[in-house]
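S.K.: My questions will all concern the structure given below.
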Amino acid sequence: MFITWSMVIITAAVAMYACFLLIKRRDRQPAINSYMPLSAIVAGQSSGFFRQIVLRFTPIIIILIAELAVLSEMKVDFAAKMMALFMSTLLFSIATYGVSAAKAFGFGERLLNISVILLNCILSVALGITSLSFDYSCLAPSNFSSMIDSLWSSLSVALVIIVFFELLRNDPEEKQTESNALQGRKETLIIRSFSQQVQRYISVIKQESQKQSASPSLLTSILIYEDLNRPKWIRTVENLLVAIPGTKLTVGIAQVESTVPLSDEESISNAAQRLFNTQQEDISQMVGAVIKYNQSEQYVGAVMEIFSVLKRYNLLQENSQNQTS
C-alpha cells in the first residue's frame, strides 16, 4: 500500500510539473505580471495577472482532485490523503516556484513566487478537507484500460474538429472580415478607455506634459494600455506590497518603479518625466521613449497603436475644446 501511495504522490507531482512546462512553453505571456496584447483584451481575455492566476492554478486543482479520487478509491485514511496532497503539491512547488524564488531578481519577484507556493499548499489542504464531506471515489475510473480508450476516442474527435475548423479559417475573405472586425473592436475599446481616463486625469496629464515638454497623447496612450492590463484592484494590491520596507515595484496607473506607494496622479507625474521632450511627436523619438519605458516589442507596438487611434479621432484636442466651452 505504501508503494502505491508513494507512486500516486510522485505521479501527481509530475503531472503538475508537465502542465507547468506546457503553459510556460506555449504561453506568450508566461509571467504573472505580463502584459496582454490589445487583440487578446478585445477578445474578452482578462488581464495578464488574472489570466496567469487561472492558468497556474486550474491544472493543479484538476490534478489534486484526480489524486484525491484515486486515494479515496484506495480507501486511504484522511491523514494519509492530506499528507499525499500536501507532499505532491510541495514537491511540484519547490521544483518550479521554489527555484524561481531562489533565482529571483528583487524582493517583489521573490515575494510573488513564495506567495504562489503558499497558495498551492493552502489549496491542497483545503481540497483535502472537502473529502470529509464528499466522497471523491465516485470520480475515480472504474477501469483504467477503458479510461485510456475513452481518452484516445476523445482526442481523435477533437483532432478532426480542429482540422476542419482550421480549413474553414483559410478563406481569405473571411480572414479579412475578421481582421476588419478586430480593428473596429480595438478602436472602440481604446476610445472607451480614453473617455474613462480623460474624466479623471486629463488636467493632470496636460499639466505634467507641459512641465516636461512631453506628448500628452503618448502619455495618455501609456495610461490606457497600463490601465487595461493593471486594473484598479491590482494597483491597490501593489501599493500595499510596496509599503513593505525594502520592496521595489511598479505602482500607480502609469506603472512607474517606486519604493513607496504612489497615487495615480503621482505616477502620471513620474511618467511624464520619463517622456521628456517628446512634445514634437517625432515618431522615432517617441518610439525610443516608449522603449526606455518598457523594452517589450509588444508593449511598444500596443502603445503606438493606441497613440494612432487617439490622433486619428483627434480625441485630446476635442476634449480640450469641450472643457473650454
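Position in the sequence shown (first residue = 1) + 158 = the working numbering. The C-beta atom is built at its ideal place from N, Cα and C for all residues, glycine as well. Because the structure is a prediction, the values reported are computed rather than measured.
Three-state secondary structure (DSSP) at Glu366?
M.R.: Working through the sequence shown from its first residue, we reach residue 366 at position 208. Glu366: helix per DSSP, three-state reduction.
S.K.: Are there 16 or more other CB atoms within 10 angstroms of the CB of Val234, so buried, or fewer, so exposed?
M.R.: Taking the sequence shown and counting its residues from 1, one reaches residue 234 at position 76. Val234 comes out buried.
S.K.: Which of the three DSSP states is assigned to Glu384 in this structure?
M.R.: In the sequence shown, residue 384 corresponds to position 226, counting from 1. Three-state result, Glu384: helix.
S.K.: Mind checking who Thr408 pairs with in its DSSP beta bridge?
M.R.: If you number the sequence shown from 1, residue 408 lands on position 250. Answer by DSSP bridge pairing, in chain order: Glu415.
S.K.: For Leu243, which residues of its own chain have a beta-carbon under 7 Å away from its beta-carbon, when the five flanking residues on both sides are left out?
M.R.: Numbered from 1 along the sequence shown, position 85 holds the residue referred to as residue 243. Same-chain partners within the cutoff: Leu222, Glu225, Leu226, Ser282, Leu285 and Gly286.
S.K.: Would you mind reading off the limits of the alpha helix (DSSP H) that contains Tyr451?
M.R.: As a position in the sequence shown, residue 451 is number 293, starting the count at 1. Residues Ile441 to Tyr451.
S.K.: The alpha helix (DSSP H) that contains Met245, what's its start and end?
M.R.: Locating residue 245 in the sequence shown gives position 87, counting from the first residue. Taken as a continuous stretch (DSSP letters only), the alpha helix (DSSP H) holding Met245 covers Phe236 to Ser251.
S.K.: Apart from the five residues just before and just after Ala170, which ones in its own chain have a Cβ nearer than 6 Å to its Cβ?
M.R.: On the sequence shown, position 12 is the one that residue 170 refers to. Counting only Cβ-Cβ distances below 6 Å, and skipping sequence neighbours, we find Ile221, Glu225 and Ser246.
S.K.: Is the beta carbon of Lys344 closer than 8 Å to that of Phe200?
M.R.: For the purposes of this step, residue 200 is identified with residue 42 of the sequence shown, where counting begins at 1. For the purposes of this step, residue 344 is identified with residue 186 of the sequence shown, where counting begins at 1. The question names Phe, but residue 200 in the sequence shown is Val. Yes, the Cβ-Cβ distance between Val200 and Lys344 is below 8 Å.
S.K.: Would you identify the three-state DSSP class for Asp422, choosing helix, strand or coil?
M.R.: Taking the sequence shown and counting its residues from 1, the one referred to as residue 422 is at position 264. Asp422 falls in the helix class under three-state DSSP.
S.K.: If you count every other CB in all the chains shown that lies within 10 Å of the CB of Phe465, and 16 or more means buried, which is it?
M.R.: Within the sequence shown, numbered from 1, the residue matching residue 465 stands at position 307. Looking at its Cβ environment, which holds 16 or more other Cβ atoms inside 10 Å, Phe465 is buried.
S.K.: In terms of alpha-carbon separation, which member of Ala237, Phe352, Phe236 and Glu396 lies closest to Leu269?
M.R.: Here residue 269 is taken as the residue at index 111 of the sequence shown, counted from 1. Comparing Cα-Cα distances from Leu269 to each of Ala237, Phe352, Phe236 and Glu396, the minimum goes to Glu396.
S.K.: Under a three-way DSSP split, which group does Asn435 fall into?
M.R.: Against the sequence shown, residue 435 aligns to sequence position 277. Asn435: coil per DSSP, three-state reduction.
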